[in-house]
Amino acid sequence: MCGIVGVTGNENAVEMLMNGLRRLEYRGYDSAGIYVNDQNGKDYLVKEKGRVADLAKAIGEDVHGSTGIAHTRWATHGQPSVANAHPQVSADGRFYLVHNGVIENYIELRDKYLQDVTFKSETDTEVVVQLIDYFVKHDNLTTLEAFRKVLYLVGDSSYGFLLMDREEPDTLFVAKNKSPLLVGVGNGFNVVCSDAIAMLNYTHDFIEMQDGEIMILTPEKVDIEDEEGHHITRLPFHVSMDASEADKGTYPHYMLKEIDDQPTVMRKLAQTYFNDDGQVTIDDELLADLQSADRLYIVAAGTSYHAGLVGERLFERLAAVPTEAHVSSEFAYNSPILSKHPFFIFLSQSGETADSREVLTEVNAKGYHSLTITNVQNSTLSREATYTMLLNAGPEIAVASTKAYTAQIAVEAIIAKALGEATQQVAAADFDLRHQLGLVANGIQALVDQKERFEAVAKDNFVDQRDAFYIGRGIDYAVSLEASLKLKEITYIHSEGVAAGELKHGPIALIESGTPVIGIITQERTASLTRSNLAETAARGSHIMTIVTKSLAKAHDDIILEDVDEMLTPLLTIIPAQLISYYTSLLKGLDVDKPRNLAKSVTVQ
Ligand code: F6R
11 MCGIVGVTGN
21 ENAVEMLMNG
31 LRRLEYRGYD
41 SAGIYVNDQN
51 GKDYLVKEKG
61 RVADLAKAIG
71 EDVHGSTGIA
81 HTRWATHGQP
91 SVANAHPQVS
101 ADGRFYLVHN
111 GVIENYIELR
121 DKYLQDVTFK
131 SETDTEVVVQ
141 LIDYFVKHDN
151 LTTLEAFRKV
161 LYLVGDSSYG
171 FLLMDREEPD
181 TLFVAKNKSP
191 LLVGVGNGFN
201 VVCSDAIAML
211 NYTHDFIEMQ
221 DGEIMILTPE
231 KVDIEDEEGH
241 HITRLPFHVS
251 MDASEADKGT
261 YPHYMLKEID
271 DQPTVMRKLA
281 QTYFNDDGQV
291 TIDDELLADL
301 QSADRLYIVA
311 AGTSYHAGLV
321 GERLFERLAA
331 VPTEAHVSSE
341 FAYNSPILSK
351 HPFFIFLSQS
361 GETADSREVL
371 TEVNAKGYHS
381 LTITNVQNST
391 LSREATYTML
401 LNAGPEIAVA
411 STKAYTAQIA
421 VEAIIAKALG
431 EATQQVAAAD
441 FDLRHQLGLV
451 ANGIQALVDQ
461 KERFEAVAKD
471 NFVDQRDAFY
481 IGRGIDYAVS
491 LEASLKLKEI
501 TYIHSEGVAA
511 GELKHGPIAL
521 IESGTPVIGI
531 ITQERTASLT
541 RSNLAETAAR
551 GSHIMTIVTK
561 SLAKAHDDII
571 LEDVDEMLTP
581 LLTIIPAQLI
591 SYYTSLLKGL
601 DVDKPRNLAK
611 SVTVQ
C-alpha cells in the first residue's frame, strides 16, 4: 500500500522521483523519503513525516543526483515518523532500501542474524537492509548475491524492493513478490515504479516483472534474472494512457472529477464493446469458456464486490446462468463447494488486491479458467487470469471508488448480454444494451449537473448526523450497500445498507429522531414494499428520502432519475449517493480524496 519509484541515469532524477511520488500519494501518505546519488561521490538522504509536499519542502537546493529511489509510506510496522520512513539504511550507510509490503518473519531473521545491530527504526524493512549488509560483510557475498539470499530468507512475504549500493551508484536492484512493480524503459535512462501512472511523463514503455525475479537496472540496460539466476529476455509493452489523465485539472478533488467522468466512461464502453452494427463483441474463446460453465463465481472486495452483487442479477437474468458473488477474503478461507464446471470472474479496479489474488492463485492451481475485469492493464490479476477485460475508465486516484463501480457493472452487463445471446436467451436478445448505455450516460449527466442540489442535501440532512441508512430490495439493496460504504468511508458517519424487509428484524432499533433513511426504489415489483418500510422508520422519527426512477415516482419523492432498464438502474441510483458522500465529507472539512486509515489498493494484508 505504499508507493515506490526509482530512476537510474537521468540528471533530473530528483524532479522525476518527486513527480512520481506525487502521483503515487494515493497509495500512502504518512511519511515520505528520497535517496539520490550523483555518481561523483555525493549522495543525499531526505525523509519527512507527513505528505509528499512536506518532503518537497525539506529537500534543499543542493540535493541532486542521477540515480535514486523514493517512497511514500503507509505505515504497517511502526508509527509514521522520520525514523520509520523509507529509504531504510544499513548501519554504515552503504545500502539504501525502499519497500512496499510486509516481511512476515522479520523478527526471526533479526534475532537469528542481527543480534549485534542497533536498529534505528521499528520497520521490517530495516531488518532486510541490515541483512544485506550482514551477508556482504560476513559471507563475502556480492550485493546481488546477498540480495538474492535475503529474498530466499524472507520466503513468501510480500515485497516490492528497490535497493541501492553506494559502491555501485548507478545501479538499482529490484525484486517483487505479491506486490506490483514495473520497470520503465527510457532513452538513456531506466525507471521503476509501483504504478505506471508515476512515470508516464517520462516513458510509456514498461516491462512487467514477475514474482521471484530480480531486475538489475543501469542507465543502459535492464537485466532480468529468474529465481535461479538464469537470464530472461522480455520485451516492453506500451501503455497508451495519457499522463494528463492522471491530473485533476480544475477540479478541487479527484473524487469529484471521477464522479463526473462517468457519462464518458459509459459511452466509451459502448464504443469499445459494440461493433458498428450494434452487436456486442467479446473475445470468442472467453465466450466459449463462459458457455461451458455451469455456474459463475464473481470474486472481489469492497466496492468491486458490490458491483459483483449487481452482476449476480445481470448474469442470472440475461444469461440464465447461476451466479454467486463472493467477498474474496471470505472465499479464500472458507473454500465453498464448487459446481462441476465453475468459471471465475475477478472484479478489481486496481487488479492488485491481495485477497482476490489469493483466490486466483488457488483457482489457477485447480486448473479452472477465469476472467479479470480491471482498470489496470497488465496488473497482477490481469496477468494471472485466463482472460482480461478492461474498464477503460482512466485512472481512479481518489481512494473512494466511483467510476470503477459503474464501469464494472456496465462490463458485467456486456458479458451477460453476449453470453445470453450465445445461449439464445430471449431476455438477452431483447435487451438493447448499447442504446441503454446511452440513456444511462445521459441520466448520469443529468444528475452530475445538479451538484448544488446534492450539496444542499448533504448540508441539511447528513453533516450533523451520527448514523444513516440506505435501504432497498433486490438490486436496490445491492446499491444500498455501496451507497452506505461510500458514506462511511469518506464522511465517518456510521452507515448501513439494509435489505428493506430486514429493517424490522433489528436495525430499526437504531432509528432516532432525524436519522436519515434513504430508500432506493427502481423495481416495480417491490416499490410499494420499500415505501412501507420507509414509512415504518418515519413513524419512529427518521428523516426519509427517496431515490426513485421517473416511472415509479410520486409527487413527494426527492431524487427522481431518468428511466433506464430496471437491470441497469444501479448505474444511476449510486450517483446521488456518491455526490452526497462527497459534499458531506467536504462540508465536514475532511480530506475527501484520502480518508483516514484508508489507502488505495489493498495489496498487502
Ligand atoms: C471503496 C474502495 C474499496 C475497493 C476495494 C477493492 O471505495 O475503493 O472498497 O473497492 O479495496 O479494490 P479493487 O477494486 O482495486 O480490487
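Under the numbering used here, the first residue of the sequence shown is numbered 11, with each subsequent residue one higher.
All residues carry an ideal CB built from backbone N, CA and C; glycine is no exception.
All values reported here derive from a predicted model rather than from experimental measurement.
Three-state class that DSSP yields for residue i in the structure shown
{"i": "valine 602", "result": "coil"}
{"i": "aspartate 149", "result": "coil"}
{"i": "aspartate 294", "result": "helix"}
{"i": "asparagine 29", "result": "helix"}
{"i": "arginine 305", "result": "strand"}
{"i": "valine 612", "result": "Because valine 612 carries a pLDDT of 48, less than 50, the predicted location of this residue cannot be relied on, and the following value inherits that uncertainty. Coil at valine 612, not helix or strand."}
{"i": "glycine 19", "result": "coil"}
{"i": "asparagine 607", "result": "coil"}
{"i": "isoleucine 217", "result": "strand"}
{"i": "serine 538", "result": "helix"}
{"i": "valine 508", "result": "strand"}
{"i": "proline 517", "result": "helix"}
{"i": "glycine 616", "result": "Any question about residue 616 goes unanswered here, given that the chain covers just 11 to 615."}
{"i": "leucine 597", "result": "helix"}
{"i": "isoleucine 69", "result": "coil"}
{"i": "alanine 549", "result": "coil"}
{"i": "glycine 165", "result": "coil"}
{"i": "isoleucine 528", "result": "strand"}
CA nearest to the CA of residue i, picked from the options
{"i": "alanine 80", "options": "Met174, Leu449, Arg476", "result": "Met174"}
{"i": "serine 167", "options": "Ala335, Phe441, Ile113", "result": "Ile113"}
{"i": "asparagine 607", "options": "Asp486, Leu589, Tyr502, Ile226", "result": "Tyr502"}
{"i": "asparagine 471", "options": "Leu182, Ile69, Ile554", "result": "Ile554"}
{"i": "phenylalanine 315", "options": "Thr416, Thr583, Asn374", "result": "Here the sequence assigns tyrosine to residue 315, which means phenylalanine is not the residue at that position. Here the closest residue by C-alpha is Thr416."}
{"i": "serine 254", "options": "Lys231, Glu223, Leu210", "result": "Leu210"}
{"i": "threonine 594", "options": "Ser538, Asp53, Ala468", "result": "Ala468"}
{"i": "lysine 130", "options": "Gly453, Tyr397, Ser100, Ala85", "result": "Ser100"}
{"i": "glycine 551", "options": "Gln533, Ile570, Ile518, Ala342", "result": "Ile518"}
{"i": "valine 558", "options": "Ala537, Leu578, Asn29", "result": "Ala537"}
{"i": "leucine 192", "options": "Asp134, Ala66, Val386", "result": "Val386"}
Per DSSP, the bridge partner or partners of residue i
{"i": "threonine 616", "result": "Given that the chain is displayed from residue 11 to residue 615, the structure contains no residue 616 and the question cannot be resolved."}
{"i": "leucine 182", "result": "Leu227"}
{"i": "glutamate 235", "result": "Ile224, His241"}
{"i": "glutamine 616", "result": "Since the first and last residues shown for the chain are 11 and 615, residue 616 lies out of range."}
{"i": "glutamine 101", "result": "Sequence check: residue 101 is alanine here, not glutamine. None; alanine 101 has no bridge partner."}
{"i": "histidine 248", "result": "Asp215"}
{"i": "lysine 57", "result": "Gly43"}
{"i": "histidine 109", "result": "Phe171"}
Cβ-heavy atom distance, residue i to the ligand FMN, below 7 Å
{"i": "leucine 370", "result": "Ligands in the displayed structure: the ligand F6R; the ligand FMN is not one of them."}
Cβ of residue i within 8 Å of any chain D Cβ
{"i": "isoleucine 383", "result": "Of the chains in the structure shown, none is chain D; there is only one protein chain."}
Status (buried if at least 16 other CB within 10 Å, exposed otherwise) for residue i
{"i": "histidine 566", "result": "exposed"}
{"i": "valine 436", "result": "exposed"}
{"i": "glycine 430", "result": "buried"}
{"i": "proline 346", "result": "exposed"}
{"i": "glutamate 499", "result": "buried"}
{"i": "threonine 152", "result": "exposed"}
{"i": "valine 614", "result": "For valine 614, the pLDDT reaches just 37, beneath the cut-off of 50, and the residue's location in the model is therefore unreliable, leaving the point undetermined."}
{"i": "lysine 427", "result": "buried"}
{"i": "threonine 82", "result": "buried"}
{"i": "isoleucine 242", "result": "exposed"}
{"i": "tyrosine 162", "result": "exposed"}
{"i": "asparagine 543", "result": "buried"}
{"i": "serine 490", "result": "buried"}
{"i": "glycine 321", "result": "buried"}
{"i": "glycine 507", "result": "buried"}
{"i": "glutamate 132", "result": "exposed"}
{"i": "glutamine 535", "result": "The residue asked about is misnamed: residue 535 is arginine in this sequence, not glutamine. The residue is exposed, with fewer than 16 neighbouring Cβ atoms inside 10 Å."}
Inset, instruction - Could you tell me whether the segment 247-260 touches the segment 66-75, using the rule of 3 or more Cβ pairs below 8 Å? - result: no
Inset, instruction - Would you check if there are 3 or more beta carbon pairs closer than 8 Å linking the segment 268-283 to the segment 350-359? - result: no
Inset, instruction - State whether the segment 387-399 contacts the segment 366-374, with contact taken as three or more CB pairs (one from each stretch) at a distance under 8 Å. - result: yes
Inset, instruction - Say whether the segment 585-596 touches the segment 265-278, bearing in mind that this needs 3 or more beta-carbon pairs closer than 8 Å, one atom from each stretch. - result: yes
Inset, instruction - May I ask you to verify whether the segment 468-486 touches the segment 514-531, counting CB pairs closer than 8 Å and requiring at least 3? - result: yes
Inset, instruction - Assess, as a yes-or-no matter, whether the segment 185-203 is touched by the segment 13-27 under the definition of 3 or more beta carbon pairs within less than 8 Å. - result: yes
Inset, instruction - Count the CB pairs spanning the segment 90-103 and the segment 52-60 that are closer than 8 Å, and state whether there are at least three. - result: yes
Inset, instruction - Determine contact between the segment 19-35 and the segment 111-128, defined as no fewer than three beta-carbon pairs at a distance below 8 Å. - result: no
Legend entry - Inter-stretch contact (C-beta, 8 Å, three-pair minimum) for the segment 215-234 and the segment 179-196: yes
Inset, instruction - Indicate whether the contact test is met: 3 or more Cβ pairs, each with one atom in the segment 451-468 and one in the segment 505-514, closer than 8 Å. - result: no
Legend entry - the segment 328-348 / the segment 445-452 touching (three or more Cβ pairs under 8 Å): no
Inset, instruction - Give a yes or no on contact between the segment 97-112 and the segment 138-147, applying the rule of three or more CB pairs nearer than 8 Å. - result: yes
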